Each structure stands twice: as structure tokens, then as C-alpha cells.
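Trainee:
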Amino acid sequence: MENKVQKIELSVVSSINRKINSRMSLGELLSSIMDVAKEITNSEGSSLLLADPKTGDLIFNIVIGDKGDIILGEKVPKGKGIAGTVAETKKPTIVDDVQNDPRFFDEIDKKSSFKTRNILGVPMIVMGEFVGVLEIVNAIGRDCYNEWDLEKAKYIADQAAVAINNRRLYDDLNKRIEELASLYEVSQSISYANKDDDIMNSIIKSLAKAMKVRRASIMLSDKETGKLKIESSFGLPHDVIIDKEKNNFKKTISGHVFSSGDPLLVSDIASDLPDPLLFSGGKYVTESFISIPIMFKNDSIGVLNLADKINGKNFDAFDLRVISTVSIQIADAYQNIINQKNAEKQKRLSQEIDIAAEIQRKILPKVPEKFKRHVLRAYNKPAKVVGGDFYDFFVFDDNKYAILVADISGKGIPAALFMGIARNVVRAERRIDPTPAHLLKNVNNFIYHDSESGMFVTMFYAVIDTHNNLITYGSAGHNNQLLIKGPNKVAYRLKADGKALGLAENQVYEEKVMLFEPGDMLILFTDGVTECLGGVSLDIDKGERRLCEIAFKHIDSGPDALIESIMQNLGNENMDSDFKDDLTIFAIKF
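Residue numbers for the sequence shown follow our numbering, beginning at 13 and rising by one.
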């Protein structure tokens, strides 16, 4: 049976590799997998039914077959049909005669005039999360599916689940990067405006460019005149004034948003406006627009409007998040102008750094205090608000887990964004092959092809076998790590050959094994630690000797005492308190 499974994997992987390009969209990717499923099982059709997280219904997301277009998007209610049974039980099933099976949901056949004879259904699960159901229908040239078909379908379902999960992670990361980039561009325009009078013009021009719209405007309230007028605009005249004392004020888009304090995200004017009359006094005559109140201390001081996307698409929740954040920046800038505060204090980077730092804090995993008898602790401190160092931890089974530390070239926002990409790639690849040599090679190839910025990553990755007391490790250009032997207080340097990730394609990474004993301590760290411990001269050799001395002193106390002592040393008045580099420590007491 093992040989057969290997043949399945080889056959499926070969077919998938022929059809799937890594740059495909999620829809194209899944369609290709469905083609493979249909081809490999020799069937009339195949489909992916993805689970709706809100309702639990199954939705035909990808359909391959003669009637595919007809049933695409159709729903199978929760618990209904053979697919619903597979979803509830999380177990695969073969039904040879569906027409006589009471579970069969025949509504889809009725809508498509398709006659289903037999079905092979397999759940798609990744990292313990149910994604949906793979359905293969109507075996060609035979009356039923067999166990061999089932094994092939299970492997294909696994591939589809991983593809869906990875693509969702990738798309989500890209969205966050897009959001940060838009905010960063707008914030830069605020920071580098030469005069207070230029800030609003700089904001609206940068915002229109970042959001790719043809028309945008900032309307601000003048308390003295009682009017709401355009302070700055892009693609609109400056002479638009709305009198707040007039009866029709609230019947305009801007008047309604200003008065209510509620944002308007309109995809279709005919159906989305709370009051169709609102548009009668508006300047925007498009199908989709966004109008956001500008709030300061819970008071509405103006309105931010965007319309006419260059690509013709509707505004969405992503746009709303960005514009809402920008509206806060506009309120701050406006208030600074009114109060004539120090202009230099107003030219600092705004919320995108806080957003990046929050995203980064959430990316770093919570490390358990213990794994069996091993005591663990990790610590990370960026040189700036955000940084490029990171660590990770994941469990393979009851006896094995893996840890890593990594250092992105550079610091600040670029390193933080690149850090998120590298971390997600590692997490995706470790589900395929978690051994150090293979994981580092695969991650390197992906980063090399995907990185256009010239950035690279150094990484030390180790798999801990608690049953056999083994450390299997590899290094991608990372500094040597330390294994402190408890009884003799001897430091062993862990090093392995391999270039930093992203520098060159198809690199080979050395894999080594080291035995550990109870009482030993493994210390993984980035060069920021040894630089800081090296004093004002940032002497790495001196820093490594100091790290060993601290480890010898605290090996009996464990990782908590070790890291606390290191941080005290870093804060010592004889040290360089202005950190020059990000620093990360991951310590394990066996």
C-alpha cells in the first residue's frame, strides 16, 4: 500500500506541476487542481465546495464538468446531501448509487439537468481546520469508485486544502502590505509638507494617487461662517460651499455624513444610499464612492470624499479602513493648523508605524513555558518601533518540535514587511518537509524568486527530538548558536554551512545533529544580542564571550533568569543603551 501511495503522490504532484503556476490567482489554482482530480480519477466532473464560516453551508466554489457554469455558486445547506455528511463527519465516503441514497441532495441535479450516478467525497482539512469538501462524480467506464480512487482523492484534497490556506495567507499579507503602503505614502506627505498651508493639498494628492481615484476632496467646517467648504481637492473645483444653516444641508452627501458622523461606503447608488434624495445635492455622479466624517475629540469637523476609481471597480472594506485612518490624520493636521502648534512636531510619522508594530507583535507566536520537561522562553526587541528579527515555534508531534530565529537585512518598516513574508513562507514549507536542509532550500528558492527588493534573511532552524535527545539543525548564513553543557559548563558552537535566504537560487544547506542531555541549555540568538553585549564598540567576539559567561552563571536557574540577566546587562550604564540592531533570544533548558 505504501508504494501505491507514493505512486499517487508522484502522479498527482506531476500533474499539478504541469498545470499550476505559482503566480496563479486562487481561483485559477483551484481550477487546475480540479482538472487534476478529474483526470487522475477518470471522472466526468469534480468540484470544490467551500464552507461558509458564518452559516456552515457548502458553496460550489470551483466546478469542472459540462454543467460547471450552471451550478457554480450554488449552495448545499448545512448537513444536507452527501457533501454535508462528509462535512459533518469529517470522513471520506463513496456512494455507488446516489439516486437511491436518502442523503442525496438532488436540487443541484435538477438545476443543471445533470444526472449524478456515483460520488466520491473527501473532506479538506488543513492544520485542524475544516476548509470544505472535494467531490468527484461519475466514474467513467465503471460503475463505482474504489479504494484506489479514494486514496488519490484524499491526496488531492490535502493539496487543495494547503493551496487554499497558503493563498489566503498570501492574499491577506498582500492586503496588509498594500494598506501600510497607502498609509505610509499619505503620512510621508504630511511629514514633508513645507508649510502648514500645503498639508491638505499634499494629503489629497497623495491619497488620490495611493487609492487610484480620479476625484477626491477634503471639506472642512468653518465654525465662524457656519459653512462646510472644500479645503483641498483633486479633480474637483475648490469653490464648492455648503451652508450648514440651509434646510437642504442634510440632504447632501457631505451634509449627511457631517451631521450623522457615520461613514458612507456606497457600491450602488440606487440600492445602497440610506436616502435616495441624498444624491440630489451631491457632486459625485458615480456608482460607487466613499464619504467619511473627519472627527476630532468626538466632534465632526469635516468630510473626506473619494469617487471614480481609475480601474472602474467598487470601493470596499479595505478602502474604508485606509480612508478612516487617513481621516484621523487629517483631523490632527487641521487642528494643528488652527492651534498654530510647532510645525516640526507635526511632521512625524503617523499611524502606519503603530499599525505595522501591532501586526508584527501579533505575528510573533506565544511560546509555551514548557514542552514536556523542556523549559522555553523567547524575547524580541526591535531597534526601532518595528524590526526585522523574528522567532517561531511549532509542534510536529508529542516528541518533536521546531524552533528558529531569523534576521532580516535592514531595519524598520521594510524589514518588518519582509519579515511577515519570510515567516509565512517558512510556516507553509514546514508542512511539506520540515527537515532543516529541505526547508531552508525551499524557503530560499521562494524568497529568491519573490523578493524584488534585494533583501535577504539569515536563519537558524532546529528540530528538537525529545525522545532521542537530538537537535537536528541547519543555518542560512546565521551567526553560530550555543549549546551550554550543564555539568561541565562548556559552550559548544552550533554552526552549519549555507548562504542567507534570498541571495542565490538552488542553494544547498548543511544539516547537522547534536546530542543533548538533561541540564543542557540551547541558546538561539541574532547578532544584535552579541553586538549590544559587546559594548559601545559593538565587538561581537566580546559579546559572545559575555553571553557565555551569563549562560554559565544562570544555567541552573533556566531561560527566564538567563534572559533577565542579559537584559540587565544591556541596560547597564557601561553598555550602548541606544540599540543599533534588532535583537532576539530563544532559550531552552533541557
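Backbone N, C-alpha and C define an ideal beta-carbon position, used for all residues, glycine too. Predicted model only: the values in this text are computed from it and were never measured.
Which residue's Cα is closest to the Cα of Val502: Glu441, Val469, Glu561?
Mentor: Glu561
Trainee: Start and end of the alpha helix (DSSP H) containing Ser271?
Mentor: 265 to 272
Trainee: Return the CA-CA distance between Lys423 and His268, expressed in angstroms with no decimal places.
Mentor: 44 Å
Trainee: Please determine, among Phe528, Tyr346, Lys382, Asp404, the residue with the shortest C-alpha to C-alpha distance to Lys374.
Mentor: Asp404
Trainee: Go ahead and pull the three-state DSSP assignment for Ile45.
Mentor: helix
Trainee: Could you check if Lys164 is buried or exposed, using at least 16 other CB atoms within 10 Å of its CB as the buried criterion?
Mentor: buried
Trainee: For Pro135 and Val145, which I take to be in contact (beta-carbon distance under 8 Å), what is that distance rounded to the nearest angstrom?
Mentor: 6 Å
Trainee: Alpha carbon to alpha carbon, how far is Ala49 from Ser58? Give it in angstroms, no decimals.
Mentor: 7 Å
Trainee: Buried or exposed for Met139, please, with buried defined as at least 16 other CB atoms from any protein chain shown within 10 angstroms of its CB.
Mentor: exposed
Trainee: Could you pull out every residue in the same chain whose Cβ sits closer than 6 Å to the Cβ of Asn54, ignoring the five residues on either side in sequence?
Mentor: Ile152
Trainee: Identify every residue that forms a DSSP beta bridge with Ile70.
Mentor: What sits at residue 70 in the sequence shown is Leu, not Ile. Note: Leu70 sits in a beta bridge opposite Ala63, Val88.
Trainee: Give every residue of the same chain whose Cβ lies closer than 8 Å to the Cβ of Asn130, excluding the five residues on either side of it in the sequence, and list them in chain order.
Mentor: Ile106, Val107, Asp108, Asp109, Val110, Val149, Asn150, Ala151, Asp155, Cys156, Tyr157.
Trainee: Given that a residue counts as buried once 16 or more other Cβ atoms are within 10 Å of its Cβ, and exposed if not, what is Val469?
Mentor: buried
Trainee: For Ile342, which residues of its own chain have a beta-carbon under 8 Å away from its beta-carbon, when the five flanking residues on both sides are left out?
Mentor: Same-chain partners within the cutoff: Met212, Ile215, Ile230, Ile306, Gly314, Leu316.
Trainee: Which partner residues of Lys382 appear in the DSSP bridge assignment?
Mentor: Val387
Trainee: Can you give me the Cβ contacts of Gln493 inside the same chain, cut-off strictly under 6 Å, excluding the 5 residues immediately before and after it?
Mentor: Annotation for Gln493: Phe472, Leu506, Leu536 place their beta carbon closer than 6 Å to its own, counting only its chain and skipping 5 residues before and after.
Trainee: At 3 residues or longer, what runs of the beta strand (DSSP E) sit wholly inside the segment 93 to 130?
Mentor: 105 to 107
Trainee: Over what stretch of residues does the alpha helix (DSSP H) that includes Val541 continue unbroken?
Mentor: Per DSSP, Val541 belongs to the alpha helix (DSSP H) from 539 to 545.
Trainee: Taking Val437 as the reference, which of Lys453, Gly399, Met533 has the closest Cα?
Mentor: Lys453
Trainee: Tell me where the beta strand (DSSP E) around Glu243 begins and ends.
Mentor: 239 to 246
Trainee: Note down, in chain order, each residue of its chain lying with its Cβ closer than 6 Å to the Cβ of Pro394, except the 5 sequence neighbours on either side.
Mentor: Asp594
Trainee: If you reduce the DSSP assignment to three classes, tell me which class Leu550 lands in.
Mentor: coil
Trainee: Taking Cβ positions, are Ile52 and Ala172 nearer each other than 8 Å?
Mentor: Ala172 is positioned such that its CB atom lies no closer than 8 Å to that of Ile52.
Trainee: What's the gap between the Cα of His490 and the Cα of Leu515?
Mentor: Rounded to whole angstroms, the gap between the alpha carbons of His490 and Leu515 is 13 Å.
Trainee: Within the same chain, show all residues whose beta-carbon is closer than 6 Å to that of Lys92, passing over the 5 residues directly before and after it, in chain order.
Mentor: Phe117
Trainee: Of all the options Asp419, Asp409, Pro446, Glu517, which has the alpha carbon lying nearest to the alpha carbon of Tyr460?
Mentor: That would be Glu517, whose Cα lies nearest to the Cα of Tyr460.
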